[in-house]
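Top to bottom, those sequences are chains D and P.
Residue numbers for the first sequence follow my numbering, beginning at 1 and rising by one.
Residue numbers for the second sequence follow my numbering, beginning at 1 and rising by one.
Positions of the beta carbon are idealized from the N, C-alpha and C atoms, including for glycine.
For clarity, every value in this text was computed on a predicted model and none was experimentally measured.
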Amino acid sequence: MLLTDEMRKATFERIFLRDDYLLNPSEQTKIRWNAKSEALRILLESASERFTGTKDSALLQEARKSFDATLSSFSAILEKHKQKEPADRKILAIDEVESTLVRQVFQSAYDLNNNIVKLYELSSRAAIAARNRGIIFIILFVVGGTFAIVINSIFINRIVAKRVSALIKGVEIIGAGNMDYRINVAGDDELSNLARASNEMVEKQKAVQEFSESIINAVREPLIALDQDLRVVKVSRSFYEFFKVKPEETVGQLIYDLGNKQWDIPKLRELLETILPQKTTFDDYEVEHDFATIGKRIMLLNARQIKQVMGRERIILLAIEDITERKAIEAGLEKTRKELEAANKELEAFTYSVSHDLRAPLRGVVGFSRILLDEHAPHLPPEVQRYLSLVLSNTLQMGRLVDDLLAFSHLGRQAMIKDQVKPAALVREAWDLLRSEQDGRHVKLTIGNLPSCQGDRALLKQVFVNLLSNALKFTRKRDPAVIEVGCNRTDGENVFFVRDNGAGFDMRYVGKLFGVFQRLHRSEDYDGTGVGLAIVQRIVHRHGGRVWAEGEPDKGATFYFSLGGIHS
Amino acid sequence: MNINTVEILLVEDNPSDVELTLHELKKHNLANRIHVVRDGEEALDFLFCRGAYQGRDANIPPKVILLDLKLPKVDGLEVLRQIRRDERTRLLPVVIMTSSREERDVVESYKLGINSYIVKPVDFDQFSEAVRQIGCYWLLLNQPPTL
Chain D
1 MLLTDEMRKA TFERIFLRDD YLLNPSEQTK IRWNAKSEAL RILLESASER
51 FTGTKDSALL QEARKSFDAT LSSFSAILEK HKQKEPADRK ILAIDEVEST
101 LVRQVFQSAY DLNNNIVKLY ELSSRAAIAA RNRGIIFIIL FVVGGTFAIV
151 INSIFINRIV AKRVSALIKG VEIIGAGNMD YRINVAGDDE LSNLARASNE
201 MVEKQKAVQE FSESIINAVR EPLIALDQDL RVVKVSRSFY EFFKVKPEET
251 VGQLIYDLGN KQWDIPKLRE LLETILPQKT TFDDYEVEHD FATIGKRIML
301 LNARQIKQVM GRERIILLAI EDITERKAIE AGLEKTRKEL EAANKELEAF
351 TYSVSHDLRA PLRGVVGFSR ILLDEHAPHL PPEVQRYLSL VLSNTLQMGR
401 LVDDLLAFSH LGRQAMIKDQ VKPAALVREA WDLLRSEQDG RHVKLTIGNL
451 PSCQGDRALL KQVFVNLLSN ALKFTRKRDP AVIEVGCNRT DGENVFFVRD
501 NGAGFDMRYV GKLFGVFQRL HRSEDYDGTG VGLAIVQRIV HRHGGRVWAE
551 GEPDKGATFY FSLGGIHS
Chain P
1 MNINTVEILL VEDNPSDVEL TLHELKKHNL ANRIHVVRDG EEALDFLFCR
51 GAYQGRDANI PPKVILLDLK LPKVDGLEVL RQIRRDERTR LLPVVIMTSS
101 REERDVVESY KLGINSYIVK PVDFDQFSEA VRQIGCYWLL LNQPPTL
């Protein structure tokens with residue numbers, strides 16, 4: 001009787017100590033609980049010696065089991081508390097286990113209590129005393145149970161609060177940019193689902209971030225991302241390579257402080273502090289600066305201001321293009337252009353002078369020779385007259401050379417006006433211009449199907465005039481002279497040709513054909529200055545095309561030309 | 001020749017061209033009405049009755065001025081500019097006779113208000129034909145403005 005009473009007391013005392021510890025885990029409470037537990041164990045042992053009846057033994061057996069369960073559960077809690085590290089990520093796991101253990105402690109303790117009470121009832125055979133004690137016990141039990149439930153609910157609330165705060169903390173850590181952090185998930189309740197969804201979201205966010213980071217690292221142009229305080233958040237690999245800086249002396253630094261304050265550039269300050277606050281986008285901002293590490297550079301900056309990324313209030317993205325070399329090339333080009341312009345001016349002055357001054361004396365020679373021949377012939381011996389005629393014809397030839405040379409030099413300087421041109425019409429116009437060369441001759445001209453093309457109308461007409469004039473000249477001894485103008489399409493290119501059945505030429509000299517003043521025939525046989533084909537070549541080349549010829553002595557010649565990529 | 005009866009003012013520095021021109025005009029009895037000046041400055045002196053031409057009557061202008069472009073001292077275009085700028089001479093018919101067939105010379109001359117542009121041919125037959133036509137046209141056919 002006394003033993004069971006003691007056991008009952010010890011059990012209740014231990015329950016209070018347990019709740020005490022769970023509410024406020026202190027070393028003292030833990031020691032007291034352990035002592036009470038040990039006392040209860042001794043009581044249970046002596047009880048098993050005392051109560052040997054079948055019913056009693058069974059009850060004791062149950063009590064013993066509950067005791068062991070309580071002991072092990074509570075020891076587990078104590079163990080967890082001992083292990084508890086300050087690291088946040090473990091909190092939730094411990095709380096999960098702890099809440100399970102606490103539930104087990106409650107359950108076991110309740111069972112033990114129950115069994116001991118039953119044993120107590122059995123042991124008191126004295127009915128009245130037993131009933132009285134029973135009532136007291138029931139009251140105590142109800143009070144104890146209610147107390148346990150209250151404690152339990154307080155405890156559960158505390159755990160939920162801790163888990164929610166851990167969840168918030170996790171989200172905060174991730175939000176600050178630590179994409180590797182994961183909220184610990186155990187269990188299957190709403191909070192766990194929320195944590196799981198958050199983790200999935202972070203996973204996706206991390207993929208996006210990795211994608212954008214790989215873009216940053218892949219671009220050839222140096223890229224730099226700054227936060228709202230103009231501190232470096234991230235830079236591309238190319239940035240390190242280009243500006244010869246190390247990551248550890250870059251990230252987190254104020255941009256102006258980078259590389260021993262090399263970046264403290266007034267124009268950059270203007271962009272970052274004056275322009276960008278008003279405009280979120282700015283392109284082709286030119287900055288010239290002399291860097292200690294890489295020398296004088298001219299850079300074009302493209303700036304973008306982005307709100308709320310990478311856990312920052314504001315990010316400024318600067319893409320840097322080094323245009324130093326381009327500028328140098330441009331300056332070189334400009335210099336060459338000026339030189340060329342000067343050379344062209346000189347050439348123009350030269351041809352102008354030729355045009356004026358070379359022709360005037362020729363006119364004198366021709367004029368006075370003519371006057372002598374026309375008005376003084378009766379006083380001149382026939383030989384003098386013949387010489388004067390030779391002076392005349394030579395001077396006239398020189399006049400033609402000067403004129404042709406001027407025309408040729410004009411071609412290079414004349415602006416081209418490209419247009420859609422119908423070659424067949426040009427051929428007919430050219431043929432009409434050469435009417436005088438056809439007089440008294442039997443000439444057959446055939447014009448094939450000539451596709452329209454892109455080119456300068458006047459210049460292309462000149463090409464046909466020269467080629468047809470050539471054909472007419474070298475067919476002078478043919479009756480009939482046959483001239484054909486046509487077009488073949490070869491390798492996707494329209495190739496025009498002018499063919500004649502005239503004197504032709506030896507293919508060994510084909511290389512001389514298009515040179516200025518180059519002639520393949522004696523002037524007694526065929527007159528000319530040797531500029532016509534040079535002009536043809538120059539016009540064709542200016543159109544981006546090619547010109548070539550095929551011929552055989554006495555069997556005629558064919559002149560081909562294409563207009564390069566610009567024909568349609 | 002009386003300086004006040006000049007009908008053609010020839011502004012030409014090349015003596016051969018002067019002689020060939022006069023030779024042709026003589027054939028058509030037009031030579032006695034021509035006066036030759038050898039540079040731009042002399043041309044302006046003649047037209048504005050200055051220097052050697054102080055005594056000339058400005059109220060009797062030539063019927064036509066044959067003007068070369070390339071001239072010593074003051075070039076042809078500048079002479080033309082001054083002719084067109086002055087109230088007394090701005091309506092005078094001016095014919096450019098030059099060796100230059102440069103496009104910019106042609107355009108610039110027309111911009112300054114010339115009445116004709118002739119490129120002197122190297123071939124004498126063509127040259128004399130040109131001189132003959134110019135002489136006949138401007139002296140006989142054309143009606144000059146009354147200044």
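- For the segment 1-32 of chain P, the beta-carbon criterion of a distance under 7 Å to any beta-carbon of chain D is satisfied by ASN14, SER16, ASP17, LEU20 and HIS23.
- With a beta-carbon spacing of about 20 Å, P/THR98 and P/LEU139 fall beyond the 8 Å limit used to define contacts.
- If you check each beta-carbon in the segment 64-75 of chain P against every beta-carbon of chain D, the ones closer than 9 Å belong to LEU69 and LYS70.
- Contacts with chain D at 9 Å (Cβ-Cβ) do not include P/ASP39.
- In this structure the segment 251-266 of chain D does not lie against the segment 335-343 of chain D, because fewer than three pairs of beta carbons, one per stretch, are closer than 8 Å.
- Taking a cut-off of 8 Å on C-beta distances, the segment 125-135 of chain P touches the segment 9-29 of chain P, as three or more cross pairs fall below it.
- By alpha-carbon distance to D/ALA39, the top candidate from D/GLU248, D/LYS9 and D/ASP188 is D/LYS9.
- At a cut-off of 9 Å between C-beta atoms, P/SER100 counts as an interface residue with respect to chain D.
- Interface residue (Cβ-Cβ distance to chain P less than 9 Å): D/TYR387 is not classified as such.
- Using a Cβ-Cβ cut-off of 9 Å, P/LYS120 counts as an interface residue toward chain D, since at least one Cβ of chain D sits closer than that to its own.
- At a cut-off of 9 Å between beta-carbon atoms, D/HIS356 makes contact with chain P.
- Counting every other CB atom within 10 Å of its CB across the protein chains shown gives D/ILE315 a total of 16 or more, marking it as buried.
- For D/GLY544, the closest alpha carbon among the candidates D/THR558, D/GLU552 and D/LEU563 is that of D/LEU563.
- The DSSP-derived three-state label of P/GLN126 is helix.
- Shown here for D/GLU550: same chain residues with a beta carbon closer than 6 Å to its own, the five before and five after excluded, namely THR558 in chain order.
- Within the segment 345-376 of chain D, TYR352, SER355, HIS356, ARG359, ALA360, LEU362, ARG363, GLY364, VAL366, GLY367, ARG370 and ILE371 place their CB atoms closer than 7 Å to a CB of chain P, listed in sequence order.
- The Cβ atoms of D/SER198 and D/VAL171 sit closer than 9 Å to each other.
- Per the coordinates, the alpha-carbon of D/PRO247 lies some 16 Å from the alpha-carbon of D/TRP263.
- Segment contact: the segment 312-332 of chain D against the segment 215-226 of chain D, three or more CB-CB distances shorter than 8 Å; contact assigned.
- Taking D/LEU459 as the centre and dropping the five residues before and after it, the same chain places the C-beta of LEU411, GLN414, MET416, ILE539, ARG542 and HIS543 closer than 8 Å to its C-beta, in chain order.
- Against chain D, the beta carbon of P/PHE127 has neighbours under 7 Å at ARG363 and GLY367, listed in chain order.
- In this structure, D/VAL164 lies away from D/MET179, with their beta-carbon atoms at least 9 Å apart.
- The Cβ of D/GLY295 sits no closer than 9 Å to any Cβ of chain P.
- Check the Cα spacing between D/VAL233 and each of D/ARG158, D/ALA218, D/VAL219 and D/GLU213: the tightest is with D/GLU213.
- Taking the CA atoms as reference points, D/SER452 sits about 6 Å from D/PRO423.
- Less than 9 Å divides the Cβ of P/LEU10 from the Cβ of P/VAL37.
- Within the segment 180-263 of chain D, the runs of beta strand (DSSP E) that reach at least 3 residues and sit entirely inside it are, in chain order, 223-226 and 232-235.
- Taking a C-beta distance under 9 Å as the contact criterion, P/LEU92 and P/LEU30 do not qualify as a contact pair.
- Just so you know, the alpha carbons of D/PHE242 and D/VAL208 end up roughly 26 Å apart.
- Around D/LEU396, the beta-carbon contacts reaching into chain P at under 8 Å are VAL122 and ASP123.
- Around the beta-carbon of P/GLY76, 16 or more other beta-carbon atoms lie within 10 Å, marking it buried.
- Residue contact with chain P for D/LEU406: present (Cβ-Cβ distance below 9 Å to some residue of chain P).
- Looking only at P/GLU19, P/ILE8 and P/ASP86, the smallest Cα-Cα distance to P/PHE127 is reached by P/GLU19.
- Runs of the beta strand (DSSP E) lying entirely within the segment 305-357 of chain D and spanning at least 3 residues, in chain order: 312-322.
- The DSSP assignment places complete alpha helix (DSSP H) segments of no fewer than 4 residues inside the segment 33-76 of chain P at 40-47, in order along the chain.
- D/GLY399 has a beta carbon lying within less than 9 Å of a beta carbon in chain P.
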